Structure formats: C-alpha cells, structure tokens
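Here's the structure, in structure tokens; my notes come after.
Protein chains: 2
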Amino acid sequence: MDFEELIKRRRAIRDYLPKEVPLSIIHDILDDTRFAPSARNGQPCKFVIVRDKTWISRLSKESKASLLKKIKENPTSPLATYASILSDDGFNVFYNAPCLILICVPKDLASGDYDSALAAAYLMFSAANRGLGTCWIGLGSHLENPDTLKDLGIPSDHRIAAPIILGYPKEIPPASDRHDPIILNILDSR
Amino acid sequence: MDFEELIKRRRAIRDYLPKEVPLSIIHDILDDTRFAPSARNGQPCKFVIVRDKTWISRLSKESKASLLKKIKENPTSPLATYASILSDDGFNVFYNAPCLILICVPKDLASGDYDSALAAAYLMFSAANRGLGTCWIGLGSHLENPDTLKDLGIPSDHRIAAPIILGYPKEIPPASDRHDPIILNILDSR
C-alpha cells in the first residue's frame, strides 16, 4: 500500500471481527518491525504474543485492578478520568481483540520509550498494510503482578512499554480530524 | 512508495547533498506527521524548523558543550563513549545537514516520549517517501541554555524530545542487518 494511503488507513481500531490472526502473519509483521530505528542501533525490543482469550481477559482484569489501586493512591493522577470505566466489569481493557502483542524493553534503558514507540509505529503500519487493525493500549502497560509478568515470559529486568492489540477490523473509519501542525519557529538564512 | 519498499529506504542518513529542502516540502511532511497516533489523541507535538547553517552550527557547539559537561559530572554515563568525538572541533552533531526539525513536547506530559517518537516515525517515513533522508540525533536533545531555547521559540514548559536532521541523501545505503525478532513467549489457546 502506498504510504500516503497507509497513513490514512492506520487508525486506532477497537472493534474486531471474531477472526484469528494467523501466527505466520504476526511473524511477518515482527519481521517488518525489525527495521525500526533504535538508539545506537540497539534493537532492544522483545515481544510477547498473546492469542488466548482467557489470557487476554486475565490481563485486562489485572490491569484494571492495578490501575484502580494507583488511582486510589493518587486521586489527582490523569488516570483518575478512567476510574468509572475501569470499575465496569464488562469493560475489557484490550477490547476483546483476538491478539495482543506486548513490546518489552529493558527497564534500565534510557531510550526504552523512544525505541519501543518507533517499533510500535512500524508494527502498526505493517499491520495496516496487511488489512489488520491495531490500537496501542496505554492502560495495558500497568501490569504489576510479578507472577503474571513471569508467566508472560517477561524477564524481571524488562518492562511492558507498548501493548498493541491486533485483529481484523469490523470497519476502518475515515482518517480522524487533526489540528494543523504547530510550528513554533522557522529559523531561515534568508 | 509501497510500505515494504519504504521500510528499506528509510535509513539513518548522515551524509547530505548541499541542497536546500524547500519549505513547502517540509510543510507537506509535517502535514503527514499530524496523522501519528498520540496518547488520548492529545496531538502534543510542536515543531521548530531550522534551515540556517549558522544556527545549526551554534546548536551543535552548544550540544557538545552541554554533553561534555554531563560526562564530566557523571563519567560512568553511557554518554561517556562519545567524549572523544564530542571534543573534536570538526564534528558537527547534526552532520552539517541542511535542515533540522526539533520535535518538542510539554515537559510534564507523561506520554511525551512515546508521542514524539510516533510523530518522528511518521516524519521520517514521509521524508523517505519524498526521496529525503533523515536521522534522529539523540545527542541533539541535550541543549540546556535557556536563552538558546528561548531564541529557538521553545516555551519554557516544553522540551526537545526528538531532533531530526533532514536533507537530500548523497546515497541511500542498503537496509542494514537486523537480528531476528526476539519473541519471549507465544500464549496460544491451542
């Protein structure tokens, strides 16, 4: 797909067809994701692929519990705006997507946020290029239970940076409105 | 350009033709960059466009001074590996590129690293799609002089997250080697 088309087709998708994403396609997407730049070409990202509904449901429940605990401890946190929906038993943080990919990076890596976001951009474009939808679930990076993280296969010196849901979209809405670029200054020699 | 081709053509470019990038093209690239996802669709990125060689040279000198100061204060910092090249008067942090775009975000925005990196990915793809080269200059985000930041037009409550150089590449090297994706775990229902 042409890039100009792709930036319009890559949308945050939260409503998926009940159709599994073949593992071979996930491998192809991760192959594309390798080409993301990273600080000093460190290529630090590691991936957990979750294709099991029971697991995704467990991770949603634990994310909600962890987030509600954080909100209780710090009621002025920006997370507090989510308190109501997080208390809703019917709300799945991962929107019942058929697949969840957790992009993990070393906890002590200064460039971890940047490196994981660049990998996430490649992953989301590669998925959109194959007709798949994705959504970065910020609320999904608050998992804290060491047993859960261990069961997921995440080493104790790594963290979940970017949880991305993946699946076949029920629909791809048109590109959303964006404000004009905010240009603070143009420093020109002329 | 097809996305599969684009991920191979988007390379870190540090050697540029002495050819100015038209401002109209920069505006087109920033228009594409608007479509980057951001946490809660906050669209927080703001841009400084530097097309003046004297300015870029000043920012390089100040970045080097600031970095050498940090290394002196903390000799075990990972930055210390750059001490030798940063002391070289002939080294320009921004590789004498004809253009530098500074992506800035609010200092107090928790998702600032992620949001700016996603915008940077869009910017770098959009540039590559137009035959331009880019390179994210991590060393360029260490500018500290408040007067310089003010002269750049960056509000005191914002920071430089992603400094990206931009120009016409002398050559586009073939895609660099990457290691295979590191998959920590596949949690499957089958």
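Residue numbers (the numbering used here), protein chains in the order written: chain A, 786 to 975; chain B, 786 to 975. Backbone N, C-alpha and C fix where the C-beta goes; we use that ideal spot for every residue, glycine too. The structure displayed is predicted, hence computed values, not measured ones.
Per-residue DSSP class, three states only, for residue i
i                      : result
residue 813 of chain B : helix
residue 856 of chain A : helix
residue 919 of chain A : strand
residue 972 of chain B : strand
residue 849 of chain A : helix
residue 821 of chain B : coil
residue 868 of chain B : helix
residue 838 of chain A : helix
residue 935 of chain B : helix
Boundaries (first-last residue) of the alpha helix (DSSP H) holding residue i
i                      : result
residue 914 of chain B : 897-914
residue 788 of chain A : 788-794
Residue i, enclosing beta strand (DSSP E) - first and last residue
i                      : result
residue 949 of chain A : 943-952
residue 928 of chain B : Element bounds for residue 928 of chain B: n/a, residue is neither H nor E.
residue 888 of chain A : 884-891
Residue-level contact to chain A via CB, residue i, 8 Å cutoff
i                      : result
residue 914 of chain B : yes
residue 973 of chain B : yes
residue 880 of chain B : no
residue 969 of chain B : yes
residue 837 of chain B : yes
residue 831 of chain B : yes
residue 951 of chain B : no
residue 884 of chain B : no
residue 834 of chain B : yes
residue 813 of chain B : no
residue 903 of chain B : yes
residue 963 of chain B : yes
Nearest-angstrom beta carbon gap, residue j and residue i [assumed within contact, 8 Å]
i                      : j                      : result
residue 906 of chain B : residue 951 of chain B : Their Cβ separation, rounded to whole angstroms, is 14 Å, which puts residue 906 of chain B and residue 951 of chain B out of contact at 8 Å.
residue 937 of chain A : residue 833 of chain A : 5 Å
residue 928 of chain A : residue 848 of chain A : 6 Å
residue 811 of chain A : residue 911 of chain A : Not really, about 10 Å apart at Cβ, beyond 8 Å.
residue 978 of chain A : residue 880 of chain A : With chain A running from 786 to 975 in the structure shown, residue 978 of chain A is simply not present.
residue 819 of chain B : residue 966 of chain A : 6 Å
residue 984 of chain B : residue 901 of chain B : A question about residue 984 of chain B goes unanswered here, because the residues of chain B that appear run from 786 up to 975.
8 Å Cβ cutoff, residue i in contact with chain E
i                      : result
residue 787 of chain B : In the displayed structure, chain E is absent; the protein chains listed are A and B.
Within-8 Å CB hit, residue i to chain B
i                      : result
residue 898 of chain A : yes
residue 966 of chain A : yes
residue 876 of chain A : no
Self-check item: Residues from the segment 923-942 of chain A in contact with chain B, defined by Cβ distance under 9 Å
Solution: So the close ones are 923, 936, 937, 938, 939, 940.
Quiz item: What residues from the segment 839-871 of chain B come within 8 Å of chain A, judged by C-beta to C-beta, listed N to C?
Solution: 839, 840, 863
Self-check item: Chain-ordered residues of the segment 816-828 of chain A with a beta carbon less than 9 Å from chain B
Solution: 816, 817, 818, 819, 820, 821, 822, 824, 825, 826, 828
Quiz item: Relative to chain B, which residues along the segment 791-802 of chain A have a C-beta separation below 9 Å, given in chain order?
Solution: 791, 792, 793, 795, 796, 797
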